[in-house]
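Just add 124 to the spot in the sequence shown (first one is 1) and you have our numbering.
Even for Gly, the Cβ is constructed at its ideal location relative to N, Cα and C.
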Amino acid sequence: MKILLAPSETKVNGGNEKFVLESLLFQDLTATRKRLLHQYINILQRNDLDELSTMFGLKKVEDINYHNRDIVHELTMKAIKRYTGVAFDHLDYDTLNTSE
Numbered sequence: 125m126k127i128l129l130a131p132s133e134t135k136v137n138g139g140n141e142k143f144v145l146e147s148l149l150f151q152d153l154t155a156t157r158k159r160l161l162h163q164y165i166n167i168l169q170r171n172d173l174d175e176l177s178t179m180f181g182l183k184k185v186e187d188i189n190y191h192n193r194d195i196v197h198e199l200t201m202k203a204i205k206r207y208t209g210v211a212f213d214h215l216d217y218d219t220l221n222t223s224e
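Listed below in structure tokens is the structure:
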């Protein structure tokens with residue numbers, strides 16, 4: 125069974141899996157993803173608050189700093205477990221039968 129849901133605005137923080145770029149779908153895009161990830165990290169390292177404020181759509185310094193993190197070393201989780209909200213709660217992913 126395949127279920128397609130739009131991402132939710134509310135999310136759970138944290139995770140329990142290490143980020144592995146090569147484990148993402150469409151592995152032929154890995155080189156492009158690496159290049160874009162390096163560009164993104166370079167922007168973060170410049171630590172230009174005005175640029176980061178515009179990029180993240182945030183105004184508060186503490187919110188900007190929260191998102192200005194080394195995402196490569198952050199723990200991850202499946203998107204289906206990351207998002208919360210009415211549709212995701214009713215789906216109750218952990219109770220789904222994986223053989224269907």
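Determine, using beta carbons only, whether residue i and residue j come nearer to each other than 8 angstroms.
{"i": "L149", "j": "R157", "result": "no"}
{"i": "T134", "j": "T208", "result": "yes"}
{"i": "L176", "j": "I165", "result": "no"}
{"i": "L168", "j": "N192", "result": "yes"}
So the alpha helix (DSSP H) residue i belongs to, where does it begin and stop?
{"i": "H214", "result": "210-215"}
{"i": "D218", "result": "Careful: D218 lies outside any alpha helix (DSSP H) and carries neither H nor E."}
In whole angstroms, what separates the C-alpha of residue i from that of residue j?
{"i": "D228", "j": "S223", "result": "Lying outside 125 to 224, the shown extent of the chain, residue 228 is not represented and no answer is given."}
{"i": "S132", "j": "H214", "result": "13 angstroms"}
{"i": "T219", "j": "L182", "result": "36 angstroms"}
{"i": "Y217", "j": "V210", "result": "12 angstroms"}
{"i": "L161", "j": "H197", "result": "12 angstroms"}
Quick check: does the Cβ of residue i come within less than 7 angstroms of any heavy atom belonging to the ligand GDP?
{"i": "N137", "result": "The model on display carries no ligand, and the ligand GDP is accordingly not part of it."}
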